[in-house]
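Participant: Numbering (the numbering used here), first residue to last: 13 to 215.
Where is the CB? At the ideal position from N, CA and C, for every residue including glycine.
Handing you a structure now.
Rendered as structure tokens:
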């Protein structure tokens, strides 16, 4: 489980093909790996992956073809990625509860200055729109953000200077693809309401 508060920006130093997918070697940037062990989870651009090796100040993860087929930004050597270690029960929940399981890929429609901040508008897959609400939470490339507005199949968020400085979101441009994870509470509400409206499905 994660919070969507990015702890460091890393770099994909090496991307190697495997029969089952890809192996990524990642330079962690400012991420402290002293408390990370093989088998631990780290969110990479919002995707929960398992550490397989820790060598020479870098860590490796294996990415299955299934994960690659439904995520973005994990197959480009030299690419910068948002990193977050799995949360501990004693950690502050500064963002919102994030599972690290990407729900879909969105497309950047607008990324432009808005005063001291930036306005980011993203076109979301139709299947996710019912989970996106004004003032609700959403994760974009592993970053917990608050939805400011929804128009049709697009939603808008505001990026403050701090977020731009400590994540990779400052490099976005129109047409870029991003990993989206909707608020898991919205999914649970849907399940609860569905069971109430269709009692037979609860059995």
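So, for residue 23: in the same chain, excluding its five sequence neighbours on each side, which residues have a beta-carbon less than 8 Å away from its beta-carbon?
Facilitator: Contacts found: 38, 39, 41, 90, 91, 92, 93.
Participant: Can you tell me whether residue 47 is buried or exposed? The criterion is at least 16 other CB atoms within 10 Å of its CB, across all chains shown.
Facilitator: Looking at its Cβ environment, which holds fewer than 16 other Cβ atoms inside 10 Å, residue 47 is exposed.
Participant: Let's test the definition: count the other Cβ atoms within 10 Å of the Cβ of residue 172 and tell me whether it reaches 16, buried, or not, exposed.
Facilitator: It is exposed - the Cβ of residue 172 has fewer than 16 other Cβ atoms within 10 Å.
Participant: Go through its chain and collect everything with a Cβ distance to residue 49's Cβ below 8 Å, but skip five positions before and after it.
Facilitator: If we look at residue 49 and ignore the five residues flanking it on each side, its Cβ neighbours are 63, 66.
Participant: Please state whether DSSP places residue 101 in a helix, a strand or coil.
Facilitator: Three-state result, residue 101: coil.
Participant: Just verifying my parser: in three-state terms, what is the DSSP assignment at residue 42?
Facilitator: Coil, per DSSP.
Participant: Taking C-alpha atoms, which residue in 154, 161, 27 lies nearest to residue 115?
Facilitator: The shortest C-alpha separation from residue 115 is found at 154.
Participant: From this set, 159, 25, 19, which residue's C-alpha is nearest residue 193's C-alpha?
Facilitator: Of the candidates 159, 25, 19, the one whose C-alpha sits nearest the C-alpha of residue 193 is 159.
Participant: Looking at chain B, is there any beta carbon in it that lies within less than 7 Å of the beta carbon of residue 70?
Facilitator: Judged by its chain identifiers, the structure shown contains no chain B, having just a single protein chain.
Participant: Please report the straight-line C-alpha distance between residue 125 and residue 132, rounded to a whole angstrom.
Facilitator: C-alpha separation (whole angstroms): 9 Å.
Participant: Would residue 134 pass as a contact of residue 167 if the rule is Cβ separation under 7 Å?
Facilitator: Contact: yes.
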